[in-house]
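Worksheet for the structure shown next.
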Amino acid sequence: MNYSSTCDCGEIKINVCFPLPIDEYQARACDCDFCVPRELAYLSDVNGTISFSPRNKMNQLKQGSGQATFWQCSNCKQVVAVTNTSKGETRGAVSKAIFAKKFSLKPSAFISPKNLSPKEKIERWPTVWSKVV
Numbered sequence: 001m002n003y004s005s006t007c008d009c010g011e012i013k014i015n016v017c018f019p020l021p022i023d024e025y026q027a028r029a030c031d032c033d034f035c036v037p038r039e040l041a042y043l044s045d046v047n048g049t050i051s052f053s054p055r056n057k058m059n060q061l062k063q064g065s066g067q068a069t070f071w072q073c074s075n076c077k078q079v080v081a082v083t084n085t086s087k088g089e090t091r092g093a094v095s096k097a098i099f100a101k102k103f104s105l106k107p108s109a110f111i112s113p114k115n116l117s118p119k120e121k122i123e124r125w126p127t128v129w130s131k132v133v
């Protein structure tokens, strides 16, 4: 199922294609020092795809182990997605807030990736994140 939305200012367009209706997914709220102050939670499906553009109007932020890239609108500063490229494939998740303004979404589940080693994070992401197209 295809869904689209924008960042708060409308500059960045985000598209997802998930196997199930978006309201059946439970976003994951990360408890790291980057995500908590920004109230970030993420949606993804390992069998789905995500895309966002234009990337030339986005900031690429790093934090923690520096392995994940957080994509932020350079105008409104909203984080719209997080990605990682490993073994030639880019996978990622989109910010729940992007779609919560248009769709009724479940409450987020809290996760603690800061308890994982950098190696464990890279091994985990391909099992939960969507393919970036």
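For the sequence shown, full-length UniProt numbering begins at 1 and goes up steadily by one.
Glycine residues also receive a C-beta, built at the ideal position from the N, C-alpha and C atoms.
Residue ranges of each alpha helix (DSSP H) within the UniProt domain "CENP-V/GFA" (3-120), 4 or longer: 35-38, 96-100
Residue span of the beta strand (DSSP E) that contains V132, given as start and end: Stepping through the sequence shown from its first residue, residue 132 is reached at position 132. That run of the beta strand (DSSP E) goes 130-132.
Supposed close pair V80, F99 - CB separation, criterion 8 Å: Looking up residue 80 in the sequence shown gives position 80. Looking up residue 99 in the sequence shown gives position 99. The Cβ separation is near 10 Å, so there is no contact.
Contact check, D8 vs S104, beta carbons under 8 Å: Residue mapping note: residue 8 aligns to position 8 of the sequence shown, counting from 1. Residue mapping note: residue 104 aligns to position 104 of the sequence shown, counting from 1. No, they are not a contact pair.
Cα-Cα separation between E39 and K87, rounded to whole angstroms: Counted from its first residue, the sequence shown places residue 39 at position 39. Counted from its first residue, the sequence shown places residue 87 at position 87. E39 and K87: Cα-Cα distance of roughly 30 Å.
Contacting residues, own chain, Cβ-Cβ under 8 Å from I122 (five flanking each side not counted): Taking the sequence shown and counting its residues from 1, the one referred to as residue 122 is at position 122. Here the set comprises Q67, N84, S86.
Proximity to D45 [Cα-Cα], best of G10, K119, P21, Q63: Residue mapping note: residue 45 aligns to position 45 of the sequence shown, counting from 1. Of G10, K119, P21, Q63, the residue nearest in Cα terms is P21.
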